[in-house]
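Peer 1: Taken in order, these protein sequences are the chains called A and B. Read in order, the letters of the first sequence correspond to residues 157 to 381 in my numbering. Read in order, the letters of the second sequence correspond to residues 425 to 691 in my numbering. For each residue, glycine too, the CB sits at the ideal point set by N, CA and C.
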Amino acid sequence: MKKGMIKATDAFERIVHWSLAISCIVLMISGLGMMFHSLNFLAVPVGGLKNLKLIHNFTGLFFIASLFFAVLMWWREAGVFEFPEDAEWIKVAGGYLWHVDSVPEVGKYNPGQKMFFLAVAIFGAAMAVSGLIMWFPLSFGAGLVRFMYFLHALGFVVIFAFFFVHLYLGTIGSPGSLPAMTSGWVTRAWLMKQHPKWLKETEHKGRLVVYGKEPAPKEGQGHHA
Amino acid sequence: MKGTDFVKLIDTTRCTACRGCQVACKQWNEMPGLRTRNRGSYQNPPDLEWNTWTLVRFQEHENGDGVLQWLFRKDGCMHCTDAGCVKVCPSGALFYTEFGTVGIDRTKCIGCKECLFACPFEVPKYDRATDKVFKCDLCYTRLREGLLPACVKSCPTGALTFGAVDTMLKTAYARVEDLKQDGHPDANVYGDKFVGGTHVLYVLGEKPEIYDSLPQKPAVPLTVIAWKDFLKPLSLLAAGGVVLGSFLHYIIHGPKSPDENGDRDAT
Numbered sequence: 157m158k159k160g161m162i163k164a165t166d167a168f169e170r171i172v173h174w175s176l177a178i179s180c181i182v183l184m185i186s187g188l189g190m191m192f193h194s195l196n197f198l199a200v201p202v203g204g205l206k207n208l209k210l211i212h213n214f215t216g217l218f219f220i221a222s223l224f225f226a227v228l229m230w231w232r233e234a235g236v237f238e239f240p241e242d243a244e245w246i247k248v249a250g251g252y253l254w255h256v257d258s259v260p261e262v263g264k265y266n267p268g269q270k271m272f273f274l275a276v277a278i279f280g281a282a283m284a285v286s287g288l289i290m291w292f293p294l295s296f297g298a299g300l301v302r303f304m305y306f307l308h309a310l311g312f313v314v315i316f317a318f319f320f321v322h323l324y325l326g327t328i329g330s331p332g333s334l335p336a337m338t339s340g341w342v343t344r345a346w347l348m349k350q351h352p353k354w355l356k357e358t359e360h361k362g363r364l365v366v367y368g369k370e371p372a373p374k375e376g377q378g379h380h381a
Numbered sequence: 425m426k427g428t429d430f431v432k433l434i435d436t437t438r439c440t441a442c443r444g445c446q447v448a449c450k451q452w453n454e455m456p457g458l459r460t461r462n463r464g465s466y467q468n469p470p471d472l473e474w475n476t477w478t479l480v481r482f483q484e485h486e487n488g489d490g491v492l493q494w495l496f497r498k499d500g501c502m503h504c505t506d507a508g509c510v511k512v513c514p515s516g517a518l519f520y521t522e523f524g525t526v527g528i529d530r531t532k533c534i535g536c537k538e539c540l541f542a543c544p545f546e547v548p549k550y551d552r553a554t555d556k557v558f559k560c561d562l563c564y565t566r567l568r569e570g571l572l573p574a575c576v577k578s579c580p581t582g583a584l585t586f587g588a589v590d591t592m593l594k595t596a597y598a599r600v601e602d603l604k605q606d607g608h609p610d611a612n613v614y615g616d617k618f619v620g621g622t623h624v625l626y627v628l629g630e631k632p633e634i635y636d637s638l639p640q641k642p643a644v645p646l647t648v649i650a651w652k653d654f655l656k657p658l659s660l661l662a663a664g665g666v667v668l669g670s671f672l673h674y675i676i677h678g679p680k681s682p683d684e685n686g687d688r689d690a691t
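1) Should the region 515 to 529 of chain B be regarded as contacting the region 631 to 650 of chain B, the criterion being three or more beta carbon pairs within less than 8 Å?
2) For chain B, is any of its Cβ atoms less than 9 Å away from the one on residue 247(A)?
3) Sort 474(B), 671(B), 650(B) by Cα distance to residue 450(B) and report the nearest one.
4) Give the residues of chain A in contact with residue 541(B), contact being defined as C-beta atoms less than 8 Å apart.
5) Mind checking the region 660 to 677 of chain B against chain A and listing, in chain order, the residues whose C-beta falls within less than 8 Å of any C-beta there?
6) Can you grab the Cα-Cα spacing for the pair residue 557(B) / residue 509(B), in whole Å?
7) With a CB to CB cut of under 7 Å and the five nearest residues on each side skipped, what residues in its chain are close to residue 575(B)?
8) Run through chain B and tell me which residues come within less than 7 Å of residue 332(A), C-beta to C-beta.
9) With H, G and I counted as helix, E and B as strand and the rest as coil, what does DSSP make of residue 602(B)?
10) Is residue 503(B) near residue 595(B), with beta carbons less than 9 Å apart?
11) Starting from residue 628(B), trace the beta strand (DSSP E) both ways and give me its first and last residue.
12) What are the partner residues of residue 612(B), as DSSP defines its beta bridges?
13) From residue 657(B) to residue 309(A), what does the alpha carbon distance come to, in whole angstroms?
14) Relative to the C-alpha of residue 340(A), which candidate in 315(A), 348(A), 164(A) has its C-alpha closest?
15) Throw me the rounded Cβ distance for the residue 430(B) and residue 524(B) pair, which I believe falls under 8 Å.
16) Can the beta-carbon of residue 193(A) be found less than 9 Å from the beta-carbon of residue 620(B)?
17) So what's residue 473(B) in DSSP terms, helix, strand or just coil?
18) Does the separation of the CB atoms of residue 343(A) and residue 161(A) fall below 9 Å?
19) Are the beta-carbon atoms of residue 322(A) and residue 272(A) separated by less than 9 Å?
20) Mind the definition here: the region 348 to 357 of chain A touches the region 254 to 272 of chain A only if three or more C-beta pairs lie below 8 Å; say whether that holds.
21) Mind checking whether residue 694(B) and residue 608(B) have CB atoms under 9 Å apart?
22) Which one of 248(A), 335(A), 229(A), 293(A) has the shortest CA to CA distance from residue 466(A)?
23) Once DSSP output is grouped into helix, strand and coil, what is the label at residue 442(B)?
24) Which chain B residues are close to residue 198(A), counting only those with a beta carbon under 7 Å from its beta carbon?
25) Just verifying my parser: in three-state terms, what is the DSSP assignment at residue 687(B)?
26) So, is residue 236(A) buried or exposed, given that buried needs 16 or more other C-beta atoms within 10 angstroms?
27) Residue 237(A) touches chain B at which residues, Cβ-Cβ below 9 Å?
28) Does the beta-carbon of residue 538(B) have 16 or more other beta-carbons within 10 angstroms, so that it is buried, or is it exposed?
29) Can you tell me which of 158(A), 279(A), 301(A) puts its alpha carbon nearest to the alpha carbon of residue 220(A)?
30) In whole angstroms, give me the CA-to-CA distance for residue 245(A) and residue 325(A).
31) Check the Cβ-Cβ distances between residue 272(A) and every residue of chain B, and say whether any is below 9 Å.
32) When we look at the beta-carbon of residue 493(B) and count the other beta-carbons within 10 Å, is it buried (16 or more) or exposed?
33) Give the DSSP-derived three-state secondary structure of residue 269(A) in the structure shown.
34) Measuring alpha carbon to alpha carbon, tell me which of 258(A), 364(A), 285(A), 229(A) ends up nearest residue 388(A).
35) At a Cβ threshold of 9 Å, is residue 534(B) touching chain A?
36) Verify whether the separation of the beta carbon atoms of residue 533(B) and residue 480(B) is less than 9 Å.
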């Protein structure tokens, strides 16, 4: 670990993130294996579609637990839009799509990340409810069950597409972002680019955790990790 | 026999409700008879079940003139051309046969029960003990050997007949004409006007709405069509669009790299 790296996430956040991520990926792969006949072969390594279905169902339970903690942990920071700065940010698409001279400063999460969180939270909950009803369809009315199949497919459309957006922007689309979810330590330069407001505010409050010797605290009290 | 669509014609006006078809079906398909209760009706069991793929429904009906009729209708899989069950089946257990009928390969069934909610006739039935779905396959094993379905073979009155779709349609409509001239003005052919045409046709002596458990306008549920014909391809299109868009973003706009000097630069 290089000196001057800044702690962006704690271990619990990362555990919840990866629980959600891994269960989501397993659910998408096993779901695809059942959704498309041409992808039925995905069930071969687990010994058939019936096992794939069981894996899908029980991974769903793990996903629901992960989602519960994710929403509990993140909804305050990522689930609420702040005006007017978030509206300003959305107007310029955060500077991601075209050249923008000045992008409104972002706090812990930018509105794009908030939209992603809300999509995962809302459609994740829809997947949980519809999935559970699909697991025990004989206990419910036919009209409701039919709507749940539709909802489950709709949720998949949204989450599958958002997954690739997240994958791109969490890796090569925004270099320096990935360590926030691996080691949890990010560079000051990345924070200045992605979350300057959070950096300044946290530093001002003296809560910034910097690895090794603190380089140059501009204001507030230095904090030793 | 291959290549032609085949149809089973059920002429309800010729049915005497002997239930020979019900017994023959169980025998050929080796389905057990389970204990039932006397509910004061010959209709037994009360509905199609995992072990009962065809069932004669007994119905007392009083027509407009105060005349009591006893209507018999042999119920079972209609073998739709556009079958909701085949559309939703994730494993291919439900499939279209070379006869145009809907077969079921139970070794592939994973017990997901999706077909139960996609069938407009509520035909597929689930058995908890085996975690499988059961329904009539119009004796696929017999058809492949050039034999008649067991129910048709057993029918003593000619209420059940089997043949190529064109022939059976002609027979059905000719029979309806005869019935109309013979005091059954409401006689009609049921099955050829929806779900792409069914491979089981009825000649009904009364209007379809008179009969118990017979949908007037059966259709694959809209939610199933939205799910399978719209959302399913959309899921691939949307994700593909995102992947392509990300690639284009990367090579045109470029990634959002931090300035390693730590200076603020808003783009």
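Peer 2: Quick answer:
1) no
2) As a working note, residue 247(A) is residue 91 in the first sequence. By this cut-off, residue 247(A) is not an interface position.
3) Locating residue 450(B) in the second sequence gives position 26, counting from the first residue. Of the listed residues, the one whose Cα sits closest to residue 450(B) is 474(B).
4) Locating residue 541(B) in the second sequence gives position 117, counting from the first residue. Per Cβ cutoff of 8 Å: 293, 298, 301, 302, 305.
5) Within the region 660 to 677 of chain B, the qualifying residues are 662, 663, 665, 666, 667, 670, 673, 674, 677.
6) Counting from 1 along the second sequence, the entry for residue 557(B) is found at position 133. Counting from 1 along the second sequence, the entry for residue 509(B) is found at position 85. Cα-Cα distance, rounded: 11 Å.
7) Here residue 575(B) corresponds to residue number 151 of the second sequence, with the count starting at 1. Answer for residue 575(B): 445, 448, 449, 478, 584, listed in chain order.
8) Translated into positions along the first sequence, residue 332(A) becomes position 176. Correct list: 682.
9) To locate residue 602(B), count along the second sequence from 1; it is residue 178. Residue 602(B): helix per DSSP, three-state reduction.
10) Numbered from 1 along the second sequence, position 79 holds the residue referred to as residue 503(B). Numbered from 1 along the second sequence, position 171 holds the residue referred to as residue 595(B). Taking 9 Å as the cut-off, the Cβ atoms of residue 503(B) and residue 595(B) do not count as close.
11) The count along the second sequence starts at 1 and reaches residue 628(B) at position 204. It spans 624 to 628 - the beta strand (DSSP E) in which residue 628(B) sits, taken as one unbroken run.
12) Here residue 612(B) refers to the residue found at position 188 of the second sequence. Paired residues: 628(B).
13) Taking the first residue of the second sequence as 1, we reach residue 657(B) at position 233. Taking the first residue of the first sequence as 1, we reach residue 309(A) at position 153. Looking at the two C-alpha atoms, the distance is approximately 10 Å.
14) For the purposes of this step, residue 340(A) is taken as residue 184 along the first sequence, with counting starting at 1. When only C-alpha atoms are compared, the closest one is 164(A).
15) Within the second sequence, the letter at position 6 stands for residue 430(B). Within the second sequence, the letter at position 100 stands for residue 524(B). Confirmed, about 6 Å.
16) The residue labelled residue 193(A) in the question sits at position 37 within the first sequence. The residue labelled residue 620(B) in the question sits at position 196 within the second sequence. No; because the gap between Cβ atoms is not below 9 Å, this pair is not in contact.
17) Stepping through the second sequence from its first residue, residue 473(B) is reached at position 49. Note: residue 473(B) maps to strand in three-state DSSP.
18) Position 187 of the first sequence, counted from the start, is the residue given in the question as residue 343(A). Position 5 of the first sequence, counted from the start, is the residue given in the question as residue 161(A). Contact: yes.
19) Taking the first residue of the first sequence as 1, we reach residue 322(A) at position 166. Taking the first residue of the first sequence as 1, we reach residue 272(A) at position 116. Cβ atoms of residue 322(A) and residue 272(A): closer than 9 Å.
20) By the criterion of at least three beta-carbon pairs nearer than 8 Å, the region 348 to 357 of chain A is in contact with the region 254 to 272 of chain A.
21) Here chain B has residues from 425 to 691 only, and residue 694(B) is not among them.
22) Because chain A spans 157 through 381 in this model, residue 466(A) falls outside it and cannot be assessed.
23) Position 18 of the second sequence, counted from the start, is the residue given in the question as residue 442(B). Three-state DSSP puts residue 442(B) in coil, outside helix and strand.
24) Taking the first sequence and counting its residues from 1, the one referred to as residue 198(A) is at position 42. Under the 7 Å cutoff, chain B gives no residues; its nearest Cβ is about 12 Å from residue 198(A).
25) For this step, residue 687(B) is matched to residue 263 along the second sequence. Confidence at residue 687(B) is low in this model, with a pLDDT of 46, below 50, so its placement is unreliable and no value can be given for it.
26) The residue labelled residue 236(A) in the question sits at position 80 within the first sequence. Residue 236(A) comes out exposed.
27) Counted from its first residue, the first sequence places residue 237(A) at position 81. Those within 9 Å of residue 237(A) in chain B number zero; the least Cβ separation is about 21 Å.
28) Numbered from its first residue, the second sequence carries residue 538(B) at position 114. It is buried - the Cβ of residue 538(B) has at least 16 other Cβ atoms within 10 Å.
29) Numbered from 1 along the first sequence, position 64 holds the residue referred to as residue 220(A). Of the listed residues, the one whose Cα sits closest to residue 220(A) is 279(A).
30) On the first sequence, position 89 is the one that residue 245(A) refers to. On the first sequence, position 169 is the one that residue 325(A) refers to. When rounded, the distance between both Cα atoms is 17 Å.
31) As a working mapping, residue 272(A) is identified with position 116 in the first sequence. Residue 272(A) does not count as touching chain B.
32) Taking the second sequence and counting its residues from 1, the one referred to as residue 493(B) is at position 69. Exposed, because fewer than 16 other Cβ atoms sit within 10 Å of the Cβ of residue 493(B).
33) Residue 269(A) sits at position 113 when you count from the first residue of the first sequence. In the structure shown, residue 269(A) sits in a helix (DSSP, three-state: H, G or I).
34) Nothing in the structure corresponds to residue 388(A), since chain A is present only between 157 and 381.
35) As a working note, residue 534(B) is residue 110 in the second sequence. Cβ-Cβ to chain A under 9 Å: yes for residue 534(B).
36) Sequence index remark: in the second sequence, residue 533(B) carries index 109 (1-based). Sequence index remark: in the second sequence, residue 480(B) carries index 56 (1-based). It is not a contact, given that the beta carbons lie outside the stated cut-off.
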